[in-house]
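J.: Take a look at this one; I'll ask things after.
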Amino acid sequence: WISSYIKDEL
Amino acid sequence: FRIAGDMLHVASLLILAFRIRNSKNCVGISCKTQELYMIVFATRYLDLFLYFVSLYNTFMKVAYLIITGYLIYLMRFAKLYRQTYDVKGDSFQYWKWLLGPCFVLSMIFNVEFTFVEIMWSFSIFLEAVAFVPQLEMMRKMGRVENLTSHYVFTLGGYRLLYIFSWVAKIMDNEPISWISLSGGVVQTILYADFFYYYILAKLKGDKSVALP
Chain R
1243 WISSYIKDEL
Chain S
9 FRIAGDMLHV
19 ASLLILAFRI
29 RNSKNCVGIS
39 CKTQELYMIV
49 FATRYLDLFL
59 YFVSLYNTFM
69 KVAYLIITGY
79 LIYLMRFAKL
89 YRQTYDVKGD
99 SFQYWKWLLG
109 PCFVLSMIFN
119 VEFTFVEIMW
129 SFSIFLEAVA
139 FVPQLEMMRK
149 MGRVENLTSH
159 YVFTLGGYRL
169 LYIFSWVAKI
179 MDNEPISWIS
189 LSGGVVQTIL
199 YADFFYYYIL
209 AKLKGDKSVA
219 LP
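So the protein sequences, as listed, match chains R and S.
As numbered in my numbering, residues 1243 to 1252 make up the first sequence, in order.
As numbered in my numbering, residues 9 to 220 make up the second sequence, in order.
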């Protein structure tokens, strides 16, 4: 259930 | 553009807190919009528990959550201000018109069908329309006073600067999120006519912004 994409925006 | 956008975003929240404390009332301010932002931040920043991006990101995320929580506290619970909150005027039914549709959209459009990604998409779609209860209140009042107008302007400006930052990324062939971009465009369009009347009023030197 955890995504594999890291997001760097707010 | 990113940093300038983030600074405008924080500024908008601080302006709103200042507006309430300074005038000792929250007339014309929609608490529902603030509650929607709280849901937006809570669902988007689940990643605080998953990975670390930078001290800046963590600090800003926590700041958004705390300031928005503080604004809700002022309007709903603080003795001095809660009587001035217009519960009846702030009547937009967001469960039906905003939360439901955004949830359906996020089930269809997401990067990956995982809980965290669906919540992230949901937060993007919800942020795009979270301002609707506030718009509805301003439409009813017909006039937006000075500090509130600065709040709306900076909050709208923040997403516009994010669009510039995405355009810059596209030109540099950097990947961008199409979900973010589409949400950001819808969000900015919602502010378009307010921008117009705001600039018109400020050019004339008016203290408040009249809406038709």
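Just so it is clear, CB atoms sit at the ideal spot from N, CA and C, and this is done for glycine as well.
1. What residue range is occupied by the uninterrupted alpha helix (DSSP H) comprising residue 48 (chain S)?
2. For residue 56 (chain S), which residues of its own chain have a beta-carbon under 7 Å away from its beta-carbon, when the five flanking residues on both sides are left out?
3. Report the neighbours of residue 59 (chain S) on chain R: residues whose CB is nearer than 7 Å to its CB, in chain order.
4. If we require 4 or more residues per run, which alpha helix (DSSP H) segments fall completely within the stretch 71 to 147 of chain S?
5. Around the Cβ of residue 142 (chain S), are there at least 16 other Cβ atoms within 10 angstroms (buried) or fewer (exposed)?
6. Between the stretch 31 to 42 of chain S and the stretch 185 to 195 of chain S, are three or more C-beta pairs nearer than 8 Å?
7. Ordered along the chain, which non-local residues of its own chain (more than five positions away) have a Cβ less than 7 Å from that of residue 102 (chain S)?
8. Do residue 75 (chain S) and residue 160 (chain S) have their C-beta atoms closer together than 9 Å?
9. Buried or exposed for residue 170 (chain S), going by 16 or more other Cβ atoms inside 10 Å?
10. Would you check if the stretch 77 to 96 of chain S and the stretch 170 to 179 of chain S touch, i.e. whether three or more CB-CB distances between them fall below 8 Å?
11. With distances taken from CA atoms, which of S:89, S:166, S:107 is nearest residue 1251 (chain R)?
12. Give me the Cα-Cα distance between residue 127 (chain S) and residue 152 (chain S), rounded to the nearest whole angstrom.
T.: In short:
1. What you label residue 48 (chain S) is simply residue 40 of the second sequence in a count that begins at 1. Taken as a continuous stretch (DSSP letters only), the alpha helix (DSSP H) holding residue 48 (chain S) covers 39 to 52.
2. As a position in the second sequence, residue 56 (chain S) is number 48, starting the count at 1. These residues qualify, in order along the chain: 66, 69.
3. Along the second sequence, read from residue 1 onward, the residue named residue 59 (chain S) stands at position 51. Result: 1248.
4. With a minimum length of 4 residues, the continuous alpha helix (DSSP H) runs that stay inside the stretch 71 to 147 of chain S are 87 to 90, 108 to 116, 123 to 137.
5. Counting from 1 along the second sequence, the entry for residue 142 (chain S) is found at position 134. Flag for residue 142 (chain S) reads buried.
6. By the Cβ criterion, the stretch 31 to 42 of chain S is not in contact with the stretch 185 to 195 of chain S, since fewer than three pairs of Cβ atoms, one from each stretch, lie closer than 8 Å.
7. Here residue 102 (chain S) refers to the residue found at position 94 of the second sequence. The residues 40, 44, 141, in chain order, have a CB closer than 7 Å to that of residue 102 (chain S) in the same chain once the five nearest residues on each side in sequence are set aside.
8. Position 67 of the second sequence holds residue 75 (chain S). Position 152 of the second sequence holds residue 160 (chain S). By the CB criterion at 9 Å, residue 75 (chain S) and residue 160 (chain S) fall outside the cutoff.
9. To locate residue 170 (chain S), count along the second sequence from 1; it is residue 162. Taking all protein chains shown into account, residue 170 (chain S) has 16 or more neighbouring C-beta atoms within 10 Å of its C-beta and is therefore buried.
10. These segments do not touch.
11. As a first step, residue 1251 (chain R) must be located in the first sequence, where it is residue number 9. Checking every option, the nearest Cα to that of residue 1251 (chain R) belongs to S:166.
12. Numbered from 1 along the second sequence, position 119 holds the residue referred to as residue 127 (chain S). Numbered from 1 along the second sequence, position 144 holds the residue referred to as residue 152 (chain S). For residue 127 (chain S) and residue 152 (chain S), the distance between alpha carbons rounds to 33 Å.
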